[in-house]
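Report on the following structure.
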Ligand SMILES: [Zn+2]
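Residue numbers (this note's numbering): 5 to 508.
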């Protein structure tokens with residue numbers, strides 16, 4: 005009784021949450037110090053101390069005010085030095101940029117008008133109506149003259165004969181001159197070059213230059229044309245699903261989203277669940293630029309992983325069609341020198357020409373087990389094996405005590421695994437009240453049946469297909485039995501035969 009009480013108390017304490025324990029513990033309140041001055045003290049040390057404190061307070065306040073004032077003054081000074089007056093150019097009330105002097109903007113207009121005159125061959129359509137407005141601006145906010153020029157171009161109405169680039173028969177972009185068009189294509193062609201390496205490149209599309217009338221304002225600049233020709237169109241390509249692929253994984257590797265994949269592949273979401281199988285072709289986005297560029301880089305040095313191989317091992321414990329990876333191994337790493345080919349900047353590994361290889365670490369092969377056992381169909385081979393091994397035959401087949409013993413009794417330790425004597429289908433698995441106790445009957449589909457009686461455990465169900473040697477139950481002593489043993493029968497068309505004649 006005493007010990008019980010002790011336990012109870014201990015439990016109670018344990019059950020209290022830390023919060024409850026804290027609530028009970030009250031730390032002593034710190035005593036507030038009271039300043040009590042004797043009248044004499046006030047007159048001498050006390051008053052002096054208060055005066056000193058007041059002086060310190062004043063000093064501190066002054067320091068804050070002084071700091072604030074200095075900050076404001078400094079900021080204003082900075083504003084004055086950083087900002088200056090500039091001129092804003094205006095055409096039809098629209099700003100085209102700000103420069104330090106009117107002359108700078110005028111110079112841009114003069115040079116632009118000269119070019120327009122040269123290209124269009126007439127004085128008309130030049131940029132006129134330029135007005136100025138004084139403006140406060142910080143120096144770094146002056147508009148670069150190239151930007152002023154581009155803003156000004158919009159107000160030219162000049163017509164000229166420009167050069168349109170046709171890609172595979174389609175007009176794509178119009179520039180002011182053929183020279184501009186050629187230089188835009190040259191930039192496109194060389195954009196995937198690797199600095200300091202020997203590179204060659206070609207445009208894979210059919211390119212034509214056609215002279216076409218255009219306005220100076222709408223014709224594209226060289227950089228604008230490069231952007232237009234590099235512009236990607238939505239396109240897709242087929243991806244073949246590999247072992248271990250998931251929709252999410254495919255999306256991530258192709259820099260897209262699962263939703264995009266589902267939009268591109270409506271067949272995937274047709275059912276309730278999304279299923280992708282190895283070998284299926286899934287459309288993945290493959291943005292395609294207007295112009296395709298093939299670049300060859302000679303003697304490129306690349307460090308990359310080397311995929312490992314899988315050693316295939318036959319495994320009888322697996323059915324044909326099944327496989328199991330028992331060791332993943334690991335990839336290697338190598339440094340190579342090769343001529344590589346890039347299509348729109350991405351290497352096509354099929355076109356790689358290997359020149360030199362240096363292994364930095366070797367790949368370690370993995371191991372995969374491949375099933376070789378035929379999938380059971382429930383048809384026996386006609387050849388039987390022992391349902392238990394190492395048993396002692398305690399009673400044979402034949403007449404016994406005035407009747408017939410329909411099988412053999414195999415005495416062995418309780419719980420010993422009982423194996424199907426041949427491949428077949430379970431036609432009975434359960435309790436038999438006629439004396440067999442827990443009984444399994446396997447029909448071998450060829451006229452034979454085998455029976456397994458007095459079992460302590462049944463591991464199979466009626467209708468199940470079992471392979472030869474498969475564990476179906478455990479030795480017991482159920483039903484009409486005097487000790488642990490397996491009563492085993494072989495029957496042909498229902499009539500019991502001497503099992504020993506069928507066992508090896
Ligand atoms: Zn028996």
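Think of the CB as a built atom: it goes at the ideal place given N, C-alpha and C, for glycine as much as any other residue.
Whole angstroms are fine: how far does the CA of residue j sit from the CA of residue i?
i           : j           : result
residue 218 : residue 124 : 10 angstroms
residue 153 : residue 192 : 24 angstroms
residue 434 : residue 375 : 32 angstroms
residue 194 : residue 220 : 27 angstroms
residue 493 : residue 502 : 8 angstroms
residue 38  : residue 55  : At residue 38 the pLDDT is 48, less than 50, meaning the model places this residue with poor confidence; the figure from the coordinates comes in the next sentence. C-alpha separation (whole angstroms): 20 angstroms.
residue 421 : residue 490 : 10 angstroms
residue 304 : residue 131 : 51 angstroms
residue 382 : residue 306 : 57 angstroms
residue 387 : residue 448 : 10 angstroms
residue 472 : residue 370 : 31 angstroms
residue 339 : residue 205 : 24 angstroms
residue 273 : residue 288 : 15 angstroms
residue 229 : residue 246 : 40 angstroms
residue 462 : residue 469 : 14 angstroms
residue 342 : residue 311 : 18 angstroms
residue 296 : residue 128 : 39 angstroms
residue 323 : residue 474 : 13 angstroms
residue 395 : residue 249 : 50 angstroms
residue 109 : residue 261 : 49 angstroms
residue 101 : residue 90  : 10 angstroms
residue 367 : residue 285 : 30 angstroms
residue 112 : residue 95  : 14 angstroms
residue 321 : residue 380 : 12 angstroms
Mark residue i as exposed unless 16 or more other C-beta atoms lie within 10 angstroms of its C-beta, in which case mark it buried.
i           : result
residue 318 : exposed
residue 412 : buried
residue 455 : buried
residue 439 : exposed
residue 445 : buried
residue 459 : buried
residue 172 : exposed
residue 393 : exposed
residue 150 : exposed
residue 226 : buried
residue 363 : exposed
residue 26  : Low per-residue confidence applies at residue 26: pLDDT is 45, beneath 50, and the placement is therefore not dependable enough to give any value.
residue 62  : exposed
residue 271 : exposed
residue 498 : exposed
residue 28  : Below a pLDDT of 50, predicted positions are generally treated as unreliable, and residue 28, at 46, falls in that range; the measurement from the model is reported next regardless. It counts as exposed.
residue 35  : Summary for residue 35: the model assigns pLDDT 47, below 50, so the residue's position carries little reliability, and this model does not support an answer.
residue 87  : exposed
By DSSP, does residue i sit in helix, in strand, or in coil?
i           : result
residue 432 : strand
residue 113 : helix
residue 270 : helix
residue 503 : helix
residue 208 : coil
residue 496 : strand
residue 2   : Nothing about residue 2 can be reported from this structure: the residues present for the chain run from 5 to 508 only.
residue 223 : coil
residue 465 : coil
residue 353 : helix
residue 324 : coil
residue 37  : Only weak support exists for where residue 37 lies, its pLDDT of 47 falling under 50; the coordinates are left without a value.
residue 184 : helix
residue 136 : strand
residue 281 : coil
residue 106 : helix
residue 68  : helix
residue 213 : strand
residue 244 : strand
residue 337 : strand
residue 251 : helix
residue 440 : coil
residue 385 : coil
residue 170 : strand
residue 290 : coil
residue 124 : helix
With a threshold of 8 angstroms (Cβ to nearest heavy atom), would residue i be considered close to ligand 3?
i          : result
residue 90 : For the structure depicted, ligand 3 is absent and the ligand set comprises only ligand 1.
Counting only beta-carbon separations shorter than 9 angstroms, does residue i have a partner in chain E?
i          : result
residue 97 : Protein chains in the displayed structure number just one, and chain E is not present.
Self-check item: Residues with C-beta closer than 5 angstroms to any heavy atom of ligand 1, in chain order
Solution: Proximity annotation: ligand 1 has residues 413, 491 in chain order, each selected because its CB is closer than 5 angstroms to a heavy atom of the ligand.
Quiz item: Is it true that the region 198-205 meets the region 249-268, where meeting means three or more beta-carbon pairs spaced less than 8 angstroms apart?
Solution: Taking 8 angstroms as the limit for Cβ pairs, the verdict is that the region 249-268 does not touch the region 198-205.
Practice problem: Specify whether the region 351-362 and the region 386-400 touch according to this definition: at least 3 beta carbon pairs, one from each stretch, less than 8 angstroms apart. | Solution: Look at the beta carbons and you see the region 351-362 not touching the region 386-400: under three pairs across the two are nearer than 8 angstroms.
Quiz item: Does the pairing of the region 322-335 with the region 233-240 give three or more beta-carbon distances under 8 angstroms?
Solution: These segments do not touch.
Self-check item: the region 109-126 / the region 162-169 touching (three or more Cβ pairs under 8 angstroms)
Solution: Enough Cβ pairs lie closer than 8 angstroms, so yes.
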